[in-house]
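There are 2 protein chains.
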Amino acid sequence: MNDEAAARIALLRSLSAAPSYVFTTVLTRSPISRIDVSRLTGLSQAAVTKAVAPLVAAGLVVDNLGSRRDGLPGRPVSPVAIVPEALVTIGIKVNVDEVIGVRTDLTTQVLATHRAPLTDHDPDSVVAAIAQVCARLEAPLGPDGGLLAGVGVAVSGDVDTAAGVVRESANMGWTAVDLRALLQDRVGAPVVIENDVRALTITEHMFGVGLGIDSFAIVTIGRGIGAGLHVNGEVVEGVHGVAGEIGHLPLADRDRICACGRRGCVEAVAATPAIVAAISEAHGREVSITEAVQLAHDGDAAATQAFTEAATTIGTAIASLVNLTGPDLVILGGEAVSNFDLFDQNLLGAYREHVFGSAGRCRIVIRPHTFEDWARGAAAAVIRTLAR
Amino acid sequence: MNDEAAARIALLRSLSAAPSYVFTTVLTRSPISRIDVSRLTGLSQAAVTKAVAPLVAAGLVVDNLGSRRDGLPGRPVSPVAIVPEALVTIGIKVNVDEVIGVRTDLTTQVLATHRAPLTDHDPDSVVAAIAQVCARLEAPLGPDGGLLAGVGVAVSGDVDTAAGVVRESANMGWTAVDLRALLQDRVGAPVVIENDVRALTITEHMFGVGLGIDSFAIVTIGRGIGAGLHVNGEVVEGVHGVAGEIGHLPLADRDRICACGRRGCVEAVAATPAIVAAISEAHGREVSITEAVQLAHDGDAAATQAFTEAATTIGTAIASLVNLTGPDLVILGGEAVSNFDLFDQNLLGAYREHVFGSAGRCRIVIRPHTFEDWARGAAAAVIRTLAR
DNA sequence: ATGGTTTATTAACCGTGTCAAGTAACCGAG
DNA sequence: CTCGGTTACTTGACACGGTTAATAAACCAT
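Those sequence lines, one after another, are chains A and B.
For the first sequence, the numbering used here assigns the number 880 to the initial residue and increments by one for each residue that follows.
For the second sequence, the numbering used here assigns the number 880 to the initial residue and increments by one for each residue that follows.
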């Protein structure tokens, strides 16, 4: 990164709680008047004025956008706004077969995308692929890295964010991989390692439906089934690094064996591979996921049955999650949500059947996530480290 | 309450975050040296000295207990200790058939107990019973209420603590009962209404196994099955007042109908009434819980089967809880835990079978709770409102 | 006694945010 | 156009709450 970026980051790091909160408020709700910041943060107007000044001086925030002309009496608000291009981040999502990277601005708007296929899963090969994607994303920034603030990497599994270590990833077949150490000297900015679902949760909390809500969950449906939890405004990390393992709730039949070896896991019925396997078996041949969706749409009995069972199980799992943690909102995400019409009725039906009392006032929204969105999550994890 | 108590409470209320934290630290770890308080709270020694002074002046804390003679070099520590008798609380647990009340000191040590049977469950009758128990517990304190700081009431169900309203209690058949309003002018101190399991969680967090642990759960097994959750140091209340409903996770067979009307709830298999009902049916006559336990100990097939199924279901439910929230500790409590030998193997077996990855490093401890302990929980809820 | 060591207290100081007052920028009415 | 009404923002004094650094206190070992 260059000196300008370094100065901005240093400023953000030096902020104490209140000014930092002012910054994130401006970041997530930009443009916004000072008085609204004051109301949202609970700080005095004076404190907001004082907190905003250095941010403007550093070029992170702009003032004096044209002021309102709304006919109301009184001095018009003069909103301040974030300068999205004040810093740049790179977000990387590591999939089983591919590394996807995005370059984003401060608001996780995607500026560029690059991908690299993965053939091997050993840490060195993956690190090489990540470095290659990074290199291509960094190139336009110039030799010094320009305004690059950090590189975030999202990996599924048990991730120790503070240490930058992937403790365990069944997906990748990794145990105790010090990803940050391996990557740090191959990219031009600080590296942040984060669990993929948690990263997605951070994005939704800062820039998505989760904005302003401090108890919510995001459930991702796809190759795996996972959940990220926010409770009382904080990410639930799990004391031992594991939490939100909704895919391994034992809600399915005991005779369904999960890839993890346990019996009756939700994933053993409702993850994409499980659905495809069930339909394939019924038809006596290998069916692709695209074909499986088509069959279900065409009313094929086996396919309908498989999707129904999956939807019911997921709905039950979400009810369990809601009964235990009582969130305000559940966001349904992940790749498979684009076929939500296949889940819709049965999922919500099972959810409503099992959710308890007023916990059922929890809202459920659908948000299909592309792989790019996962990478954006990794970028959001970087931004989160800047201001919190 | 008298003037002395009022002054002490006013002092505690006036404390800002840091001194308040000092007080709770002394309260929960008394006796303790100032330097240990400093280490535990992260405050400077100077701040601790300053914070302790007014507490000593108010008689909430004592100084100058005989100092150590341990042969170590250096000035010996002169620990400060809480003065348990500086304030008195009353804690009430409302059961279906009985109201149990305790008078306690600041550390929830029980000073006296009184009970009153409940014949009717309508709010007025229950309030009358509570008032009667309170009156008897308050009597020795003198006409002005003496050092009484508050009256806590623990009720099962959906409780809005801030409003003092029981929003819903299936147990009592209540909906939107403004218990605090009904009770406030019949007792001589502020009334705190709390969910019973949450109250128990508060006790364990302040004075029990949960001390110093900020992500833990307490699962109570008995007439109902519930859970209280602490995540990241805070009680999980549920945005809509419902959380920890582990008894209504749909982990049992769909043909088991729960008292709540849903299918497959854990309670429909594992709560005491469900166990008794299963055994009664098998034997073609009404069996009491005492007899059910006896039958199981004697190796009766139906009884063994019922307890095994209950234990397995509860173990699975706990695994689900742990997989989702990743706590450090699960406390098994409630009345039925006294028969834990009947649950033991199957419960832990099912738990270990379904818990995921390193979440399984979560410890599980048994703590049988008497009804008096539940009432102590209500007292702890009062103390919690004093210093937090 | 004397120095070493650890705990507790004291005093100076400083960062952070509030309060209260003042200033700015608009409206609409006379 | 001016002038009061209204709302948004700024400024400076101040108070609070904590830290750091120096000092005192209370013990041990030599």
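Note that CB positions come from ideal geometry on N, CA and C, so glycine has one too.
* Do the segment 1166–1175 of chain B and the segment 1072–1090 of chain B meet, that is, are 3 or more Cβ pairs less than 8 Å apart? -> As far as the Cβ criterion goes, the segment 1166–1175 of chain B does not touch the segment 1072–1090 of chain B, which means the pair count is below three.
* To do: Check HIS1119(A) in the structure and name its three-state DSSP category.
  => Note: HIS1119(A) maps to coil in three-state DSSP.
* **Nonlocal neighbours in the same chain, by C-beta distance under 7 Å from CYS1139(A), ignoring five residues either side** => ALA1049 and HIS1127
* Asked: Using a C-beta to C-beta distance shorter than 7 Å, which residues of chain B count as neighbours of PRO1276(A)?
  -> Residue 1276(A) is absent from the model: chain A starts at 880 and stops at 1267.
* Asked: Alpha carbon to alpha carbon, what distance is there between GLY1194(A) and LEU1227(A)?
  -> LEU1227(A) and GLY1194(A) have their C-alpha atoms roughly 6 Å apart.
* Do we get a CB-CB distance below 8 Å when we pair ILE1125(B) with the residues of chain A? -> With respect to chain A, the C-beta atom of ILE1125(B) has a partner C-beta closer than 8 Å.
* Given a cut-off of 8 Å, decide if ALA1096(B) and THR1204(B) are closer than it, judged by their beta-carbon atoms. => A contact, by the Cβ cut-off of 8 Å.
* **Residues near ASP1023(B) by beta carbon distance below 8 Å, same chain, minus five either side** => MET880, ASN881 and GLY1067
* So which of CYS1144(B), ALA1175(B) and GLY1052(B) has the shortest CA-CA distance to SER1159(B)? -> ALA1175(B)
* To do: Using a cut-off of 8 Å between C-beta atoms, extract the partners of ASP1037(B) located in chain A.
  => GLY1236 and SER1237
* To do: Mind the definition here: the segment 1247–1265 of chain A touches the segment 977–990 of chain A only if three or more C-beta pairs lie below 8 Å; say whether that holds.
  => The segment 1247–1265 of chain A vs the segment 977–990 of chain A: in contact.
* With distances taken between CB atoms, is the gap from ILE979(B) to PHE1250(B) smaller than 8 Å? -> For the pair ILE979(B) and PHE1250(B), the CB atoms are nearer than the 8 Å cut-off.
* Whole angstroms is fine: what's the gap from VAL962(A)'s alpha carbon to LEU990(A)'s? => When rounded, the distance between both Cα atoms is 15 Å.
* Does the pairing of the segment 952–959 of chain B with the segment 968–976 of chain B give three or more beta-carbon distances under 8 Å? -> no
* To do: Can you tell me which of VAL1034(B), GLY1025(B) and CYS1013(B) puts its alpha carbon nearest to the alpha carbon of HIS1000(B)?
  => Of the listed residues, the one whose Cα sits closest to HIS1000(B) is VAL1034(B).
* **8 Å contact criterion, which THR1264(B) and ALA1215(B) should meet: CB distance rounded** => About 30 Å separates the two Cβ atoms, so there is no contact after all.
* Could you name the residues of the same chain whose beta carbon sits closer than 7 Å to that of VAL931(B), not counting the 5 residues immediately before and after it, in chain order? => VAL901, ARG913, VAL940 and VAL959
* Keeping to the same chain, check which residues put their C-beta closer than 7 Å to that of ALA1286(A); ignore five residues upstream and five downstream. => Given a span of 880 to 1267 for chain A in the structure shown, any question on residue 1286(A) remains unanswerable.
* Asked: chain A beta carbons: is any one of them nearer than 8 Å to that of SER1094(B)?
  -> yes
* Hey, which unbroken runs of the beta strand (DSSP E) at 3 residues or more fall wholly within the segment 1194–1236 of chain B? -> 1208–1212
* **Residue of LEU951(B), ARG1046(B) and GLU964(B) minimising C-alpha distance to LEU1026(B)** => GLU964(B)
* Asked: Mind checking if ARG1242(B) is an interface residue toward chain A, Cβ cutoff 8 Å exclusive?
  -> Output row for ARG1242(B): interface = no.
* Asked: alpha helix (DSSP H) containing THR1249(B): first to last residue?
  -> The continuous stretches of alpha helix (DSSP H) do not include THR1249(B), and DSSP gives it neither H nor E.
* **Buried versus exposed, by CB contacts within 10 Å (16 or more), GLY1029(A)** => buried
* **Segment limits, alpha helix (DSSP H) that includes ALA1007(B)** => Per DSSP, the unbroken alpha helix (DSSP H) holding ALA1007(B) starts and ends at 1002–1017.
* Asked: How about GLY1123(A) and GLY1143(A): do their beta carbons lie closer than 8 Å?
  -> no
* Asked: Any idea what DSSP makes of THR968(A), helix, strand or coil?
  -> strand
* Asked: Can you list, in chain order, the stretches of the alpha helix (DSSP H) that have 4 or more residues and sit fully within the segment 1125–1190 of chain A?
  -> 1146–1149, 1151–1162 and 1168–1176
* To do: Write down the C-beta distance between GLY1101(A) and GLY1213(A) rounded to the nearest angstrom, noting that I regard them as a contact closer than 8 Å.
  => 4 Å
* Asked: Checking contacts by CB at 8 Å: is THR1204(A) closer than that to chain B?
  -> For THR1204(A), the nearest beta carbon of chain B is closer than 8 Å to its own beta carbon.
* Kindly indicate if chain B contains any beta-carbon less than 8 Å away from that of ASN1111(A). => yes
* Asked: Listed from N- to C-terminal order along the chain, which residues in the segment 1075–1109 of chain A have their beta-carbon within a distance smaller than 8 Å of any beta-carbon of chain B?
  -> SER1094, ALA1106 and LEU1108
* Asked: With respect to the alpha helix (DSSP H) encompassing LYS915(B), which residues constitute its N-terminal and C-terminal limits?
  -> The question names Lys, yet the displayed sequence has Asp at residue 915(B). 913–920 is the span of the alpha helix (DSSP H), which, as asked, contains ASP915(B).
* Just the Cα atoms here: how many angstroms apart are GLY1091(A) and ASP942(A)? -> 24 Å
* Are there 16 or more other CB atoms within 10 angstroms of the CB of ARG1059(A), so buried, or fewer, so exposed? -> buried
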